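Undergrad: In terms of this note's numbering, the sequence shown opens at residue 1 and continues consecutively. Here a beta-carbon is modelled for each residue, glycine too, at the ideal position from N, C-alpha and C. These figures come from a predicted structure and were not determined experimentally. Take this structure, written in C-alpha cells, and hold onto it; I'll ask about it next.
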Amino acid sequence: MKKKSEDPRRKFLVEALTLGLFTGFNVSGLVQPSFAMGAFSKKLPPGKSIYKIEGDVFVDGNPANLDTVIRANSMIETGANGKIIFAVGTDAFILRDNSKLQLGGAGLLVQGMRILTGRVLSVFGKREVPPAITTITATIGIRGTGIYIESDSEKSYVCTCYGQTRIRANTDPNVTIDISTKYHDKPVYVYPSRTTGNNLIVKAPVINHSDAELDLIERLVGRRAPFVGGGGGDGGY
Numbered sequence: 001m002k003k004k005s006e007d008p009r010r011k012f013l014v015e016a017l018t019l020g021l022f023t024g025f026n027v028s029g030l031v032q033p034s035f036a037m038g039a040f041s042k043k044l045p046p047g048k049s050i051y052k053i054e055g056d057v058f059v060d061g062n063p064a065n066l067d068t069v070i071r072a073n074s075m076i077e078t079g080a081n082g083k084i085i086f087a088v089g090t091d092a093f094i095l096r097d098n099s100k101l102q103l104g105g106a107g108l109l110v111q112g113m114r115i116l117t118g119r120v121l122s123v124f125g126k127r128e129v130p131p132a133i134t135t136i137t138a139t140i141g142i143r144g145t146g147i148y149i150e151s152d153s154e155k156s157y158v159c160t161c162y163g164q165t166r167i168r169a170n171t172d173p174n175v176t177i178d179i180s181t182k183y184h185d186k187p188v189y190v191y192p193s194r195t196t197g198n199n200l201i202v203k204a205p206v207i208n209h210s211d212a213e214l215d216l217i218e219r220l221v222g223r224r225a226p227f228v229g230g231g232g233g234d235g236g237y
C-alpha cells in the first residue's frame with residue numbers, strides 16, 4: 001500500500017478536509033465511517049457548482065475554475081493531474097484524473113450520465129424517474145444511490161455503496177443483477193465478453209473510494225451519508 005504522501009487521491013481529499021467540511025474524520029482511516037461528527041453542514045450556496053478543483057479540468061470544452069457553472073447536460077473532463085468535486089441540483093460527484101463524464105439532463109436535474117472513461121464517485125437525490133448511468137460495458141439504473149464507477153474498454157467496476165441499482169451487461173441485455181445495499185455489499189466487474197468463467201458480471205472487491213468521500217459529497221447537497229449517525233437526510237436510501 002502506498003504511503004499517504006504518495007497517494008494523490010488521498011492528498012486531494014485531505015486538502016478538501018482542511019477547508020472545514022470534515023472536522024470529525026480520522027484522516028489516517030478514511031475508509032472507516034465516523035459516528036462522532038457534529039451537525040456542521042457545508043451545502044454549496046445557490047449558483048455554486050464546484051467545491052474543489054485541481055489540475056487540468058474542462059467543462060464543456062473550456063478550462064474550469066471555482067466559478068464555473070456545471071449544468072445537468074455538461075461534459076466534464078480531467079487531465080492526468082485533474083480532479084474535481086462538484087454538485088448539480090441534488091446530486092454530487094468526485095471525478096478523478098484522466099476521466100470523461102457526460103451528464104444528461106436539463107437545468108439542475110441530471111436524468112442520466114455516461115462515464116466514457118475514468119473514475120467517478122456519485123450520490124443522487126430523490127426523483128420520480130431514476131436516472132441511468134452507462135459505461136462501455138454496463139448500463140446501471142439507480143434510485144437514491146451512492147455509487148462508485150470505474151470505466152475502461154476492458155471492463156467496468158461498479159460499487160453500489162448504498163441504495164438500489166439494476167446493472168445490465170451491454171453485450172447481453174438478458175444478463176442483469178439487482179442490488180440493494182446499505183454498505184458496499186456487492187461490488188461487481190462487468191466485462192464486454194464472456195472471458196471470466198463464462199460470466200459477464202462477476203464479484204469484485206471494494207476499491208479506490210471511501211466513506212469520508214461519500215459523506216463529503218452528500219454534505220454538498222445538504223444530506224448525510226446513511227452510515228453516519230443521524231445521516232440519510234433527504235436522500236433516497
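1. So the candidates are G104, L108, L95; which of them puts its Cα closest to the Cα of K48?
2. Straight-line CA distance for L220 to P45?
3. Just the C-alpha distance for Y191 and A169, rounded to the nearest angstrom, thanks.
4. List the whole-angstrom C-beta distance separating K66 from I217, where the pair is believed to meet the contact cut-off of C-beta under 8 angstroms.
5. Where does the unbroken alpha helix (DSSP H) through A64 begin, and where does it stop?
6. Could you tell me which residues DSSP pairs with D178 in its beta bridges?
7. Which partner residues of R143 appear in the DSSP bridge assignment?
8. Could you give the uninterrupted runs of the beta strand (DSSP E) lying entirely in the region 59-144, keeping only those of 3 residues or more?
9. With a Cβ-Cβ cutoff of 8 angstroms, do T165 and I142 count as a contact?
10. Judging by CA-CA distance, which residue of K52, D56, L95, V69 is the nearest neighbour of I147?
11. Going along the chain, which residues of its own chain have a beta-carbon closer than 7 angstroms to the beta-carbon of Q102, five neighbours each way excluded?
12. Do C245 and L214 have their C-beta atoms within less than 8 angstroms of each other?
13. Excluding the five sequence neighbours on either side, which residues of its own chain have a C-beta within less than 7 angstroms of the C-beta of I53, listed in chain order?
14. Contact defined as beta carbons within less than 8 angstroms: I believe Q111 pairs with G118. What is the distance between those atoms, to the nearest angstrom?
15. Should P173 be labelled buried (16 or more other beta-carbon atoms within 10 Å of its own) or exposed?
16. Hey, would you say G89 sits closer than 8 angstroms to D56, going by beta carbons?
17. For P187, which residues of its own chain have a beta-carbon under 6 angstroms away from its beta-carbon, when the five flanking residues on both sides are left out?
18. Going by DSSP, what residue range makes up the beta strand (DSSP E) through I50?
19. Classify I207 as helix, strand or coil using the three-state DSSP reduction.
20. G222: which of G82, D185, A87 sits nearest, CA to CA?
21. Over the uninterrupted beta strand (DSSP E) stretch that includes V190, give me the two end residues.
22. I need the DSSP call for E218, collapsed to helix, strand or coil.
23. Under 8 angstroms Cβ to Cβ from V129, same chain only, skipping five residues before and after it: list those, please.
TA: According to the structure shown:
1. On the sequence shown, position 48 is the one that residue 48 refers to. Selected option, being the one with the closest Cα: L108.
2. The residue given as residue 220 occupies position 220 in the sequence shown. The residue given as residue 45 occupies position 45 in the sequence shown. So the alpha carbons of these two residues sit roughly 9 angstroms apart.
3. As a first step, residue 191 must be located in the sequence shown, where it is residue number 191. As a first step, residue 169 must be located in the sequence shown, where it is residue number 169. In a straight line, the C-alpha of Y191 is about 7 angstroms away from that of A169.
4. The residue labelled residue 66 in the question sits at position 66 within the sequence shown. The residue labelled residue 217 in the question sits at position 217 within the sequence shown. With the sequence shown as reference, residue 66 is identified as Leu, and Lys is not the correct amino acid for it. With 8 angstroms as the limit, L66 and I217 do not qualify as a contact, their Cβ atoms being about 16 angstroms apart.
5. Numbered from 1 along the sequence shown, position 64 holds the residue referred to as residue 64. No alpha helix (DSSP H) contains A64, which DSSP labels as neither H nor E.
6. Counted from its first residue, the sequence shown places residue 178 at position 178. Under DSSP, the beta-bridge partners assigned to D178 are R166.
7. To locate residue 143, count along the sequence shown from 1; it is residue 143. Paired residue(s): Q164.
8. 75-78, 83-88, 91-95, 100-106, 109-123, 132-134
9. On the sequence shown, residue 165 is found 165 positions in, with the first residue counted as 1. On the sequence shown, residue 142 is found 142 positions in, with the first residue counted as 1. Taking 8 angstroms as the Cβ cut-off, T165 and I142 qualify as a contacting pair.
10. Start at 1 with the first residue of the sequence shown, and residue 147 comes out as number 147. The shortest Cα separation from I147 among K52, D56, L95, V69 belongs to L95.
11. Within the sequence shown, residue 102 is the residue found at index 102, counting from 1. The residues are M75, M113, R114, L116.
12. In this structure the chain extends from 1 to 237, so residue 245 is not present and cannot be described.
13. Stepping through the sequence shown from its first residue, residue 53 is reached at position 53. Same-chain partners within the cutoff: A64, N65, L66, I84.
14. For this step, residue 111 is matched to residue 111 along the sequence shown. For this step, residue 118 is matched to residue 118 along the sequence shown. The pair is not a contact, with the Cβ atoms about 21 angstroms apart (cut-off 8 angstroms).
15. If you number the sequence shown from 1, residue 173 lands on position 173. Burial call: exposed.
16. Counting from one through the sequence shown, the residue named residue 89 turns up at place 89. Counting from one through the sequence shown, the residue named residue 56 turns up at place 56. No.
17. Here residue 187 corresponds to residue number 187 of the sequence shown, with the count starting at 1. So the list reads C159, A204, V206, once near-sequence residues are dropped.
18. To locate residue 50, count along the sequence shown from 1; it is residue 50. Note, I50: beta strand (DSSP E), 50-54.
19. Taking the first residue of the sequence shown as position 1, residue 207 is located at position 207. Of the three classes helix, strand and coil, the one that applies to I207 here is coil, per DSSP.
20. Within the sequence shown, residue 222 is the residue found at index 222, counting from 1. Among G82, D185, A87, the Cα nearest to that of G222 belongs to A87.
21. As a working note, residue 190 is residue 190 in the sequence shown. From DSSP, the beta strand (DSSP E) with V190 extends over 188-190.
22. Locating residue 218 in the sequence shown gives position 218, where the first residue counts as 1. It is helical.
23. What you label residue 129 is simply residue 129 of the sequence shown in a count that begins at 1. Taken in chain order, the residues that qualify are Q111.
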